[in-house]
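S.K.: Residue numbers (our numbering): 3 to 341.
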Amino acid sequence: MVTELYQRIQEGLEEKQQEITEFLQTAPETEKEVCLCNEENKVEEHLHIIETSLEKIEEGTLGVCVVCHGYVDAQLLEMDYTAAVCLDHYSDEERRRLESELELSQVVQRALLPQHMPTIRGVEVAAFSRPSEIIGGDYFDFFQFRDGTHGLVIADVSGHGVAAGMLMSSLQTAIRTMAPDTDSPAEILERINRFYIHNIHFTTFVTVFLARFDPATLMLTYVNAGHNPPALRCRESSTIHWLKPTAPAIGLAEDFHARMETIGFSQGDSLLLYTDGVTEVYNLSNEEFGQERLAELVHQHADRTTPDLLQAVLRAVSTFGGDRPLVDDVTMVALKISG
Ligand SMILES: [Zn+2]
């Protein structure tokens with residue numbers, strides 16, 4: 003049984019190593035810039051840990067406790083392949099934290115939750131999601147933080163099909179499990195990165211935009227972990243502000259710090275969140291739809307209702323792509339301060 007576990011860890015790590023290496027070598031510079039948020043060295047650090055762990059498996063030293071030289075618990079190793087101290091040597095505080103991580107891992111593996119549309123006072127909300135295959139790698143959700151403020155998330159797994167879909171539902175469960183205990187988007191994403199980075203089943207990465215919106219103050223506090231920058235359109239100045247990445251994508255960087263930013267909304271302002279299936283559509287001349295065209299559409303349609311805005315973007319993207327079938331999932335969420 004132990005051998006089986008080590009074999010699974012080895013396969014998981016080799017797959018992860020290959021995917022990250024491939025991403026670093028082949029992803030277009032613009033995509034790397036967004037996903038890595040200038041933290042390429044931390045991704046290399048992560049690769050180095052994977053490499054060292056694979057060597058340890060070869061030598062038979064992975065999971066050997068540095069204190070007593072026995073083997074660390076299988077459950078612990080399953081969750082974090084770098085675990086090098088058995089439970090016996092943990093302090094009460096450390097053990098409590100670990101238990102909550104283990105609990106989270108069990109909750110995450112269990113549940114599949116339905117999507118909800120929220121009612122937020124003074125805010126018009128619309129959303130749209132169309133997977134390119136039966137199960138998509140895109141995801142959006144609404145939830146509540148401990149202080150009752152509204153949570154909003156949009157995410158994109160770097161893959162498609164059943165595996166990506168399952169990862170999305172586990173992400174949704176993780177966020178919904180953690181949100182009632184915190185008011186901090188950064189804390190949620192830091193915990194999720196810590197939980198996923200050493201999880202052997204997690205063989206790819208996820209871009210996530212996670213925000214907290216307070217309808218009383220109209221303030222939005224967010225972390226953008228390598229996700230396409232949402233477009234905030236200010237009605238008064240008629241300008242668009244891109245909410246650029248403040249952290250690398252989840253699952254890529256070993257040492258992950260999620261920087262939070264806060265922005266204020268005014269009456270009539272709109273926010274459009276989207277996945278790369280919207281901007282990375284190509285026309286017959288192989289031109290990309292891109293952010294500029296999206297910005298233009300937001301300007302043109304921001305004063306209409308949010309469902310109208312989403313419809314207009316969808317129509318434009320589809321026409322631009324020559325009405326060919328979608329190659330990627332398309333997901334959008336629009337918010338508008340309606341008073
Ligand atoms: Zn020990």
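Backbone N, C-alpha and C define an ideal beta-carbon position, used for all residues, glycine too.
By the DSSP assignment, the beta strand (DSSP E) with Tyr284 in it spans what residues?
M.R.: If you number the sequence shown from 1, residue 284 lands on position 282. No beta strand (DSSP E) holds Tyr284; DSSP gives it neither H nor E.
S.K.: Should Ala227 and Ala260 be called a contact, given that it needs their Cβ atoms to be closer than 8 Å?
M.R.: Here residue 227 is taken as the residue at index 225 of the sequence shown, counted from 1. Here residue 260 is taken as the residue at index 258 of the sequence shown, counted from 1. Cβ distance < 8 Å, so Ala227 and Ala260 count as in contact.
S.K.: Nearest-angstrom Cα distance between Thr333 and Ser320?
M.R.: Start at 1 with the first residue of the sequence shown, and residue 333 comes out as number 331. Start at 1 with the first residue of the sequence shown, and residue 320 comes out as number 318. Each residue's Cα considered, the two are about 13 Å apart.
S.K.: Under 7 Å from any heavy atom of ligand 1, does the C-beta of Gly65 make it?
M.R.: Counting from 1 along the sequence shown, the entry for residue 65 is found at position 63. Result no, Cβ not under 7 Å from ligand 1.
S.K.: Look up Cys37 in the DSSP assignment and say whether it is helix, strand or coil.
M.R.: Residue numbering aside, residue 37 sits at position 35 when the sequence shown is read from its first letter. DSSP places Cys37 in helix when its eight states are reduced to three.
S.K.: Any chance you could list the beta strand (DSSP E) runs of at least 3 consecutive residues sitting entirely within the region 158-239, in chain order?
M.R.: Taking only runs of at least 3 residues, the beta strand (DSSP E) segments lying wholly in the region 158-239 are 208-216, 221-227, 233-236.
S.K.: Have a look at Asn230 and Leu56 and give me their C-alpha separation to the nearest angstrom.
M.R.: Residue mapping note: residue 230 aligns to position 228 of the sequence shown, counting from 1. Residue mapping note: residue 56 aligns to position 54 of the sequence shown, counting from 1. If you take the alpha carbons of Asn230 and Leu56, they lie about 33 Å apart.
S.K.: Just the C-alpha distance for Ser272 and Val45, rounded to the nearest angstrom, thanks.
M.R.: Position 270 of the sequence shown, counting from 1, holds the residue named residue 272. Position 43 of the sequence shown, counting from 1, holds the residue named residue 45. Rounded to the nearest angstrom, the two C-alpha atoms are 34 Å apart.
S.K.: Compute the minimum distance between the beta carbon of Asp82 and the heavy atoms of ligand 1, and state whether it is under 7 Å.
M.R.: Within the sequence shown, numbered from 1, the residue matching residue 82 stands at position 80. No - ligand 1 has no heavy atom lying nearer than 7 Å to the Cβ of Asp82.
S.K.: Are the beta-carbon atoms of Thr281 and Gln269 separated by less than 8 Å?
M.R.: Your numbering for residue 281 matches position 279 in the sequence shown. Your numbering for residue 269 matches position 267 in the sequence shown. Against a cut-off of 8 Å, the Cβ pair of Gln269 and Thr281 comes out as no contact.
S.K.: Does any heavy atom of ligand 1 sit closer than 7 Å to the C-beta of Val69?
M.R.: Counting from 1 along the sequence shown, the entry for residue 69 is found at position 67. Yes, ligand 1 has a heavy atom inside 7 Å of this Cβ.
S.K.: So, helix, strand or coil for Ile265, using DSSP?
M.R.: By one-based count along the sequence shown, residue 265 stands at place 263. Correct three-state label for Ile265: strand.
S.K.: Tell me the DSSP bridge mates of Ile252?
M.R.: If you number the sequence shown from 1, residue 252 lands on position 250. In DSSP, Ile252 forms a bridge with Val208.
S.K.: Among His91, Gln12, Glu80, Leu106, whose alpha-carbon lies nearest the alpha-carbon of Cys67?
M.R.: Translated into the one-based positions of the sequence shown, residue 67 becomes position 65. Checking every option, the nearest Cα to that of Cys67 belongs to His91.
S.K.: Within 10 angstroms of the Cβ of His200, are there 16 or more other Cβ atoms? Answer buried if so, exposed if not.
M.R.: As a position in the sequence shown, residue 200 is number 198, starting the count at 1. The residue in question, His200, is buried, as its Cβ has 16 or more Cβ neighbours within 10 Å.
S.K.: What number of angstroms, rounded off, separates the C-alpha of Asp149 from the C-alpha of Asp216?
M.R.: Locating residue 149 in the sequence shown gives position 147, where the first residue counts as 1. Locating residue 216 in the sequence shown gives position 214, where the first residue counts as 1. Whole-angstrom Cα-Cα distance: 10 Å.
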